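Written below as structure tokens is the structure these notes are about.
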Amino acid sequence: MTELLTDNQDTKILIVDDTSANISLLTEMLQLKGYQILAANDGRRAIKIATHLLPDLILLDIMMPDMNGYETCQILKSQEQTRNIPVVFISAKSEIEDVLMGFSVGGADYINKPFYEEEVYARIKSLISVQQLNKQLSHSESELKTVLQKYQQQADRLEKIVSHIDNGILEVDAQGNIEFVNPAVSQLFNYNITELEGMNLLQLLAEPFAGEYKQYLLEPGSKEEKQFSSILVKRKDGCEFPVDFSLITLPADEPRYLAIIHDISIHKNREEKLKDLSYNDSLTKLSNRRRFDEFFHKEWRRSLRNRKPLAFIMIDIDNFKLFNDTYGHKQGDDCLITIASTIKNTIKRPGDMVARLGGEEFVVLLPDTDREGVMQIAEQIRKAVEQQEIPHYSSARGIVTISLGIAISMDKNCDSTEQLYKNADQALYQAKKAGKNQYRIFEC
Ligand SMILES: [Mg+2]
15 MTELLTDNQD
25 TKILIVDDTS
35 ANISLLTEML
45 QLKGYQILAA
55 NDGRRAIKIA
65 THLLPDLILL
75 DIMMPDMNGY
85 ETCQILKSQE
95 QTRNIPVVFI
105 SAKSEIEDVL
115 MGFSVGGADY
125 INKPFYEEEV
135 YARIKSLISV
145 QQLNKQLSHS
155 ESELKTVLQK
165 YQQQADRLEK
175 IVSHIDNGIL
185 EVDAQGNIEF
195 VNPAVSQLFN
205 YNITELEGMN
215 LLQLLAEPFA
225 GEYKQYLLEP
235 GSKEEKQFSS
245 ILVKRKDGCE
255 FPVDFSLITL
265 PADEPRYLAI
275 IHDISIHKNR
285 EEKLKDLSYN
295 DSLTKLSNRR
305 RFDEFFHKEW
315 RRSLRNRKPL
325 AFIMIDIDNF
335 KLFNDTYGHK
345 QGDDCLITIA
355 STIKNTIKRP
365 GDMVARLGGE
375 EFVVLLPDTD
385 REGVMQIAEQ
395 IRKAVEQQEI
405 PHYSSARGIV
415 TISLGIAISM
425 DKNCDSTEQL
435 YKNADQALYQ
445 AKKAGKNQYR
455 IFEC
């Protein structure tokens, strides 16, 4: 019983009856059960008390002067504050019409007088517990609404970020089928969003990365975040471009991934341009002295290690000063470009190097090439230039020619790159002295 008293002490019941004796009886009975009791002898006072003190339940007599119980109930049900307070009619009127009338004006229950204490108590108890459940439910509902609102705001914010970010974001399933893309993906790959959402991620990747990625997806077991740097992907037109690519596992029942694509082509282009500027001759596009020096030292060490000959050809355009004086510098530049590409086209092996050291001076470096081999190549270059038939009326032959000096790393006393260079330069001098438009090989 003590337990019940404690349970009920926060519950307020309003008893409304024009007969004070009835109020006393019910009050005594319900106070014993631990309820707080409010009381009113007429309808108007009942409405006032209910509106201000908000009881949890109202026990309402029907037959009262001025305002009867039905009218009182109607007013309580029409007011926002009191609408949800359950009303239980207690009346001597026991005809079915009376009971139905009670329910039709919004009553929650109907008890006949004279009543049994236990019946009144049982009905009150059940109505109050329903009332409390309703209260809890509406409280939970409003809490849930707040949480949902918060999530919605967060989702809206994320959506804004995802749609405005420059990085491409794709959501794919375990097979790589694309299920979501942001606008950046569409811009990067030149497909529209609808097209992309029917595609597989593999279709956007260029080989060999596509294979590597496929293998990664097919690996059993859970996957951690994976980064792929500087890989190639391909646009709708087949054009490939470099990106950094990360794959993140998403929390879900089925394996799903978020792929984030960062376009690095602008950065890459700049990098390559800089490299190009520092390593290539801007006029002829051949390697410049800087790249040649690096390559020369590397090949020199390699030839020593492998005991293979490194052949060196130094090339100089005959009477080039005279050519410039006759035709001007613009024509001079064109002549240099033609000679450069002619030499370059004659050198077929990928390991060989052609460079412009400056002015009208070119060099060719041929790893693993002996005397016989390099003499053949030198003659091919000389002939190829001659066949260009670039007019040079101020010269004896009427066309542009070149002289070539050859040296080999395995020549006697040749113990450094400087020596090899000197030897080739000396051979070139011999070729010039002998009448130009020819090659000479250094004789030790
Ligand atoms: Mg009465």
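Counting with our numbering, you get residues 15 to 458 for the letters of the sequence shown. Where a beta carbon is used, it is the ideal one built from N, C-alpha and C, also for glycine. Bear in mind that the values here come from a model prediction, so they are computed numbers and not experimental data.
Take residue i as the anchor and find which of the options has the nearest alpha-carbon.
i, options, result
"R58", "A35, R303, N196, P79", "P79"
"E386", "D332, L324, T65", "L324"
"R315", "S260, S154, V199, S430", "S430"
"Q145", "N294, K228, P100", "P100"
"G83", "I274, I278, S118", "S118"
"N55", "I76, D32, L46, D75", "D32"
"D251", "Q93, L202, D267", "L202"
"S143", "D24, E85, R363, N427", "D24"
"L462", "V102, Y49, T86", "In the structure as shown, the chain starts at 15 and stops at 458, and residue 462 therefore has no counterpart that could be examined."
"A392", "Y227, D123, T360", "T360"
"N320", "Q241, I29, V161, D382", "D382"
Give a yes or no on whether the C-beta atoms belonging to residue i and residue j are separated by under 8 angstroms.
i, j, result
"I138", "L71", "yes"
"T96", "A64", "yes"
"I51", "I89", "no"
"A398", "I327", "no"
"Q81", "K107", "For the sequence presented, residue 81 should be read as Met rather than Gln. Against a cut-off of 8 angstroms, the Cβ pair of K107 and M81 comes out as no contact."
"P256", "I278", "yes"
"V388", "L300", "no"
"V186", "A273", "yes"
"R370", "D295", "yes"
"E313", "L379", "yes"
From which residue to which residue does the alpha helix (DSSP H) around residue i run?
i, result
"Y135", "131-178"
"S395", "Checking the sequence, you will find Ile at residue 395 rather than Ser. Here the alpha helix (DSSP H) through I395 covers 385-402."
"G116", "110-118"
"S408", "No alpha helix (DSSP H) contains S408, which DSSP labels as neither H nor E."
"E360", "A small fix is needed here, since residue 360 is Thr in this sequence, not Glu. T360 -> alpha helix (DSSP H) spans 343-360."
"L216", "It is not in any alpha helix (DSSP H) - L216 carries neither H nor E in the DSSP assignment."
"L288", "279-293"
"D366", "No alpha helix (DSSP H) contains D366, which DSSP labels as neither H nor E."
"I183", "No alpha helix (DSSP H) holds I183; the beta strand (DSSP E) holding it covers 182-187."
Residue i: beta carbon under 7 angstroms from a heavy atom of ligand 3?
i, result
"T33", "In terms of ligand content, the structure shown lacks ligand 3 and carries ligand 1 instead."
Could you tell me the boundaries of the beta strand (DSSP E) in which residue i lies?
i, result
"Q241", "240-248"
"S417", "416-422"
"K26", "26-30"
"N10", "Examination of residue 10 is not possible in this model, given that the chain is present from 15 through 458 alone."
"F306", "Per DSSP, F306 belongs to no beta strand (DSSP E); it is in the alpha helix (DSSP H), 303-320."
"A198", "First-last for A198: 197-203, but that is the alpha helix (DSSP H), not the beta strand (DSSP E)."
"L380", "375-381"
Report task. Please determine if the segment 330-337 and the segment 402-420 are in contact, where contact requires at least 3 C-beta pairs separated by less than 8 angstroms. Result -> yes
Query - the segment 186-196 in contact with the segment 212-219 per 3-pair CB rule at 8 angstroms - result: yes
Query - Runs of beta strand (DSSP E) lying entirely within the segment 35-98, each at least 3 residues, in chain order - result: 50-54, 71-75
Query - Three or more C-beta pairs below 8 angstroms linking the segment 169-183 and the segment 194-206 - result: yes
Query raised in the report: Taking one C-beta from the segment 414-425 and one from the segment 438-453 each time, how about it: are there three or more such pairs within less than 8 angstroms?
Result: yes
Query raised in the report: On the three-pair Cβ rule with 8 angstroms, is the segment 148-159 touching the segment 127-136?
Result: Output reads no: the segment 127-136 does not touch the segment 148-159.
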